[in-house]
Every structure is written in structure tokens, then in C-alpha cells.
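These protein sequences, in sequence, are chains A and B.
Heads up: the first sequence at position 218 corresponds to 218 in the working numbering, and the numbers run straight through without jumps.
Heads up: the second sequence at position 69 corresponds to 69 in the working numbering, and the numbers run straight through without jumps.
Comments concern the structure below.
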Amino acid sequence: MSTLVERSAAGETVASWTSDFRRGVGAGLGGALVAAYLGAVGLLLMMNDRPVVAGMVTLAQVALGGIALVAGVLAQRRARHGAQPALWTSPLAGLVAALVVLAFANLILAVNLRSIFIALTPPLARLISFGQVKSLGGAGLFVAAAMVLALAGGLLQRAPRSLRRLILPAVTTVLVAGVFQDFIKVILQSNPVFRSVASWFYGWDGLSPRGALTVFAIALVLAAIPRVARGRAAAPRTGVARFAPALVLLVALILVPLAGGPYVAQVFLLVGLYVLMGMGLNLELGLAGLLDLGFVAFFATGAYVTALLTADSPLALASYTMIPSLSFWAAMPLAVLAAVAVGILFGVPVLGVRGDYLAVATLGLGEIVRIVVLSDAAAPVLGGAQGILQIPKPTLGGFEFSGPVSLFYLTLVAAGFAAYCAWRLERSRLGRAWIALREDEDVAQAMGINLVQCKLLAYAFGAAFAGLAGSIFAVMVNSVFPSSFQLLMSINVLALIVVGGLGSLPGVALGALVLIGLPEALREFGEFRYLFYGVALILTMRLMPDGLWPARRSRRAPVLVEPEGEGTALGANRA
Amino acid sequence: MLLEVEGMTLAYGNITAVRGVSIAIPEGSLVALVGANGAGKSSTLNAISGLLPISGGAIRFEGQSIGRLKPHEITRRGIVQVPEGRRIFGRLSVEENLLMGAFSRKDHAAIAEDRDRMFELFPRLKERRRQVAGTLSGGEQQMVATARGLMARPRVLLMDEPSMGLAPLVVEQVFETIQSINAAGTTVLLVEQNALMALEIADHAYVMEHGEIVLDGAGPALARDERVIAIYLG
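Shown next as C-alpha cells:
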């Protein structure tokens, strides 16, 4: 009897040993693969030009170290019903990752693959192996460092949650302080008080080591304060505490562009325009559940109507009709109204279309608008590919909204007004009707909701927001071209509200900041923007399907998936 | 007659689901429509609600034809359906679900009053008024669906399989609620597979088979009718 028990226990040990081994190797291989991919597409070399801590660490090195760390974390991850893997799986992952990366570096040096992968150069080989590719001792050091990092990752995964909640924000803050140093330095330079602070953190060539340590310490303390405070009095989050994150976001939005100057303001201005559009699409998709891939058409309408009414050009309506040339302030409401009209026209043909078919139909409609604008037939009126030029900047009293800073504040006011409208709408009778419509079209009708009216209103309101954004866009760039209104713009807006959290207003702002602001601030990585979008979308779907800032309604509610499409009547699709 | 269906025919494409059905519902009555799965009961209800187009016959409410009206127009006249499988709005709170029921009404003070009355009728819902309705139990969801229907102050309440998927004890509560709603003056058309129970409380009942009415009569009498027993138990 006892031998049998022993044998089965031994068998179990062997089984868990092999599964742990597989887990470690898998995590290591995965990490190495990601590193090799980032190198091959050229991203690593580019990231190497951006220092995080001056003279010490570049973004590429942080990324490589981070990959080793994450490989260690993943090796420690519990399988769904499995036991905790042994701790040695983490360094094993680091070992495997380091060996594969070394082999990859040697491959780059030995074989010339540059005719296919132009990024596979000797500098990349040196970068990816931290210059340790030549000597055996150096390679040993590299492997050991990777194992230590992976072990650290494993320990972090095993550490209590509270510890992780302290360390991760602190590390993130240091990264932000380093990566966005151009941004932050500009802001700090704007004020003499800040300037003296800046010299502590930033040398002429970037974030100094002492600055990095200080930032880390401050962030650690700031992350600890709420935990300590909560430990003392376990009060539920009410009132101010509940709105604190939104308030911080708002204050940052107001102050940062003022301090940051034209470049920062330009980035925020773009974010603001996308927030406006995001809020519009949020009404359509987030509340009413109407997927719209032709959203850019409304934005284009707003921009073109503003151009036609205000431009100082032969294409302006004033130059060949009785319509007088209008100021921006007079043209903007008309642009919004025109967008609403287009929204309603847009909604009519797709009224009876649901789900995937709606996405395809709206995509087609959006493209039709762009192609009509581009066409020869419309060219005498809309200017064809040459667009409409010389749109004057808005003026108020004697003040001209000439630069990005003043235009940003115009956008902020517009977005604030739109956010208030959206917030009121969501809590209104119409907002409830939209949500009901999204939940169950048939029952909503049986409740007395006028389906046609309700859907068209969703398109109309969504279009109004986009038209407002388009109007501001037209005066921002002084000209409108059909090529500015690509399908990608609709997809960007869709992506940002999905990442932010469908149906959530602060989520729209956060999503725009992450998906529009970040790539705009990291201009040199521009060509990788859509790689970043893809990764962000997949990670959001996998890790936080309700978005970065989930809507109040989705936080607790399970999504009740009803069979869609078949049958138009209650119960018909399940009878 | 408050509500009258006369010789109504319904078709899904080439397939005729309901053939020449006539139902008469006097004011204040509780009428049951029973039959097996696929007999055409739900289709009949959906046609009355305007969710299915009728291909023949007529539906009259207070003598006026409503067969061609849109669903929301029919709801506004006071014919309200509590759909099969409850189909509450899972993302809205209990209270918001009730307010959705009163969507076509404009009398705000009376709506608030009715909401409070619903909370009296279903104390469980009052406890959970702010809870998202998708997280409620099946029985509670049926309460929400029924209360939502009543919030429209219906002249006629169409109830589709209110007992479906509920525990026997809860089913009894649901039937008691239906009777008390009817006693308070609301006309009810009840569609049920749970035929014997529905027949017991019905003033008048119709039995459907293969899209046609095969029998009708006073509810309790039908419950003892040999032919009904043959259909359901034989």
C-alpha cells in the first residue's frame, strides 16, 4: 500500500516538474520572440534614441528588461486549475529568453539579412545583447542579468497585491517622467518656480539619475498615502473622493497646454477634437448600440460647411451666391445643423440593418461621402482634391484664435459643453430609450419607443458632436481636403471609445489621451502607430473588456447576449 | 368587446403560422390562450402588439382597427406586452426598467405614484431598486417584467409565458399576482404552456393547435374537458 502511495506521489512530482519546465521555457521563448520581433521591425533601434534616464538607460533597454521581467511574471502565473508553479520557472524563463536573444544577435552578425529586414544590423545585435555578444564572459553576464530580472518578475507576481500596487505605479511614473521629458521640461520651463525644480530632475540631456530616484520615491509615497488612509478609516469612497480622478484629469487638461506651449497645446487640441467625436460616437454606439464606421462623414460635413461659409476663396458660397461670408461663430451652428441633417440622411437607409451588417453599411456610406467630395462632379462646389483653402481663424472682440493654445481652449469649451449634453442625455428619457434599444430592440418597441425616431435621433446627436469637431478642425488647419477624412479616422474614434470604455464619458477622454495623445507625443514612432493600436485593442479586450474607465452601467452588470437578427418579433427567435 | 381578433392569419414567408384565429376579450376579463409549443400563441400575441405584420383578418381595439399600426402606437393605446422569457433591460437598474415601462406616458407625478405602487406590490424590487436588473434572479426578473408592463397603465396586458423557467413556488406567486392585477380592473390575455393552471384562473380560454383555435369555453370548465386532457395528458 505505502509503496503505491509513494509511487503516485513521485509520479505527481514528475508531472508537475515537467509542466513547470514547459511553462518556464514557453514564457522565455515568448519573451525572446517579442524582443526579436520588435528588433526586426526596427522599433528597438528607434526606442534606443529616446533616453529614459540620461546616460544610463534608453527606452529600448527598458523594453528589453521589461520583457525579461514579464517573462518571469508569466512563468509564475497559475494555470486555471493548476498549482502555483515553482519559483525556479522564472529564472528558467529568463535563461531561455537570454539564450535565444543571444543566438538571434549572433545570427544577425553572422548572416546578412538586411536585404529583407533592413533593421537587422550589427547595431541592433549589440543593442539587443547589451553589447555582450562578443565574449563568453559577457554573454554569461547577460544571461545572469536576464535570469535575475525574470526572478524579480516572478517574486513580484508572488508578492502580496498591496506591494505590487506600490511598486508598479512608482516604476510607471519614472518611465513617464523619462519618456516624456521633452514634454515635461517644456512645462517646467514655463515658470521660474518650476525652473529651479526642473534642474534637480532634468539635466541638459534628460532625466538625471538623482531625478529618477526622487520621482520614484515621491510616487511611492503618493501611492502609499491612500492605502494608509484607508487602513485607518475604512470609509467608502464618497463625494469628492469618487470624483477625484476625473477632477485631476480635468485640471491637467486645463493647465498643461497653457504651460506647455504650442506643441503641447497642438497635441491636446487634437485629443480634444477626438474627445468631441468620441462623445458623439459614444451616444450612437455606447448608448444606442449602433455601430457606425462612417462616422468621419459627419466630421467632414462640419469642416466643409464651415469652409464654404467662411473661407476667403473663390469656392466660398459668398463669392458666387447671395449668401454673405460668415464669421466662424455664425458658421459653426450651421455646420452642426448640416452635420445633423447628414446624420439623419445617413440613418434612414440603415434603419432596418442590425449588427455586422450595420457596420458594413455605414462603412460604405462613409466612403460614399468621401468619394463624392473627391469627385469631378462636386469639384466646382467643393474643390475636389485641391480642397478649400484660406479659412480664416475665429476672432472674438479683437482677439484672434490664431495659435493652438487659444484653439485648444475653444475646443475645451466645446468639449465641456458637449460632455454636459452627453451626460444629461444619458440620464434623460431619450438616453434610457437608447439603452433599451441597444439591449433589446423588440421589447423596446413594445414599451412604446418609436424605433425610427429614436435611432435617427442617435445618429443626429452623434453627428452634431462630430460636426462641431469638424468645424473647429477646419479653422485649425485653415483648409479642408478630402484626404483628411479617411476611413481610418472613423476607426480611430471607434478604437478610442472601445479602449476607454463603451458608454463611459471619462473613458472617452482617457481613450483619446492614450490612443491619440500618446502616439502624437511620441512622434518618431509614428509609423508604428497602428501596431500600437492593435496591441492596445487586444490587451484591452483580453484584460479589461469594459475599457480603461468602465461605464457605470457595465461595472456590475453581466452582458446578456440575446440572439440578434433573426425574427422581428418577441419570442420568435426562440420559439 | 375591448379587444377583438377576427379571422387573423399570420405568415412567415410561405409558411402560415396562424390561420383564421378569432379571439374576443371583454373589458375586465382574464382570457387564456393555451396550447403546445409552436401552436402559434406567441405569434398571435406579437401580431396584437404590432411586432408581426398580419397577412389576413383584423384586430380591433374598442371597435377601431389597429392591425396596421406601429408597435409604439399600439402601446400608446394601452395594449402592453410582458414578453416571453422576461427580456428585461439587463443594463438598466430595476427602477429604470420600471420607468421604461412608462415610456409613452407624460404624467410625471402619476408615474412616480405608479412606481411606488409597484414597489408595494413587489417589495423585493424596492429593496433592489438601484441594482442592475441583469443581476436579479429569474423570479425577480419576472417581477420586473410584470411591473414594467403595468407601469404603462395598460388597458390590456398581454402576458407571454410568465411561468417559463421559474420554480413551482414562484409560479404560484406569479399567478396570484396576475389574478390580483385582473381583479384591480386590468384586462389580461394570458398565454401559457402551463395550461391547467392558466385555465383554472381564466374567465374564458382558447386552445390552439397547429395555428388554429380548436376549442374555447369557460376556463375552469375547459380544465376538466376530456379533449383538453387528451391534448395535454394523453
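By construction, the Cβ of each residue, glycine as well, lies at the ideal position given by its N, Cα and C atoms.
A quick note: this is a predicted structure, and the numbers were derived from the prediction, not measured.
Item                                                                                                                                : Value
Within 9 angstroms, strictly: CB atoms of Pro392 (chain A) and Val475 (chain A)                                                     : yes
Proximal residues of chain B, C-beta to C-beta of Asn450 (chain A) below 7 angstroms                                                : His72
Assigned exposure category for Asn191 (chain A) - 16 Cβ within 10 Å defines buried                                                  : exposed
Three-state secondary structure assigned by DSSP to Ile497 (chain A)                                                                : helix
Ala234 (chain A) classed as buried or exposed, judged by whether at least 16 other C-beta atoms fall within 10 angstroms            : The predicted model places Ala234 (chain A) with a pLDDT of 49, which falls under 50 and marks its position as unreliable; any figure quoted below should be read in that light. It is exposed - the Cβ of Ala234 (chain A) has fewer than 16 other Cβ atoms within 10 Å.
Met8 (chain B) versus Ser55 (chain B) - alpha carbon distance                                                                       : 8 angstroms
Within chain A, the residues that Ala152 (chain B) reaches when beta carbons sit closer than 9 angstroms                            : Met447, Gly448
Spatial neighbours of Val514 (chain A) in its chain, beta-carbon cut-off 8 angstroms, leaving aside the 5 residues before and after : Leu496, Val499, Gly500, Ala536, Leu548
Test item: CB-CB of Leu10 (chain B) and Leu52 (chain B) under 9 angstroms                                                           : yes
Extent of the continuous alpha helix (DSSP H) to which Gly547 (chain A) belongs                                                     : Counting along the chain, Gly547 (chain A) falls outside any alpha helix (DSSP H), and DSSP gives it neither H nor E.
Cross-chain neighbours of Glu439 (chain A) in chain B, by beta carbon under 7 angstroms                                             : Phe89, Gly90, Arg91
Exposure of His108 (chain B), with buried meaning 16 or more beta-carbon neighbours within 10 Å                                     : exposed
The alpha helix (DSSP H) enclosing His108 (chain B), as first and last residue numbers                                              : 108-121
Span separating the alpha-carbon of Arg429 (chain A) from that of Leu74 (chain A)                                                   : 47 angstroms
Beta-carbon proximity list for Gln142 (chain B), same chain, < 8 angstroms, skipping 5 on both sides                                : Arg86, Pro162, Leu166, Val170, Val174
Interface residues of chain B facing Ile497 (chain A) [CB-CB closer than 7 angstroms]                                               : Near Ile497 (chain A) there are no residues of chain B at all, since even the closest Cβ is about 16 angstroms away, more than 7 angstroms.
Beta carbon of Leu98 (chain B) nearer than 9 angstroms to that of Arg115 (chain B)                                                  : yes
Bridge partner(s) assigned by DSSP for Leu3 (chain B)                                                                               : B:Ile25, B:Phe61
Interface flag, Arg605 (chain A) vs chain B, CB-CB below 9 angstroms                                                                : Here chain A has residues from 1 to 575 only, and residue 605 (chain A) is not among them.
Beta-carbon separation (whole angstroms), Ala71 (chain A) vs Gly31 (chain A), contact threshold 8 angstroms                         : 3 angstroms
Chain A contact for Gly101 (chain B) (CB, 9 angstroms cutoff)                                                                       : yes
Pairwise C-alpha distance: Val179 (chain A) and Arg50 (chain A)                                                                     : 7 angstroms
Element boundaries [alpha helix (DSSP H), containing Ile128 (chain A)]                                                              : 122-128
Any 3 or more C-beta pairs closer than 8 angstroms across the stretch 463-471 of chain A and the stretch 268-282 of chain A         : yes
CA-to-CA distance, Thr395 (chain A) to Ser104 (chain B), given in whole angstroms                                                   : 46 angstroms
Candidates B:Pro71, B:His210, B:Ile25, B:Ala152, of which the one nearest Ser49 (chain B) by Cα                                     : B:Pro71
Buried or exposed (CB count within 10 angstroms, at least 16 for buried), Glu226 (chain B)                                          : exposed
Sequence-distant residues of its chain with Cβ nearer than 6 angstroms to Leu113 (chain A) (five each side left out)                : Leu120
Any chain B beta carbon closer than 9 angstroms to Val41 (chain A)                                                                  : no
The stretch 419-438 of chain A: positions lying closer than 9 angstroms to chain B by Cβ                                            : Arg429, Arg432, Ala433, Ile435, Ala436, Arg438
Rounded straight-line distance, which links the Cα of Met100 (chain B) to that of Arg68 (chain B)                                   : 24 angstroms
With 16 other Cβ atoms within 10 Å as the buried cut-off, status of Ile449 (chain A)                                                : buried
Pairwise C-alpha distance: Gln453 (chain A) and Asp160 (chain B)                                                                    : 27 angstroms
Straight-line Cα distance separating Ala415 (chain A) from Arg124 (chain B)                                                         : 41 angstroms
Chain-ordered chain A contacts of Ser104 (chain B) [CB-CB under 7 angstroms]                                                        : Gly448
Inter-residue Cα distance where the pair is Met1 (chain B) and Pro154 (chain B)                                                     : 16 angstroms
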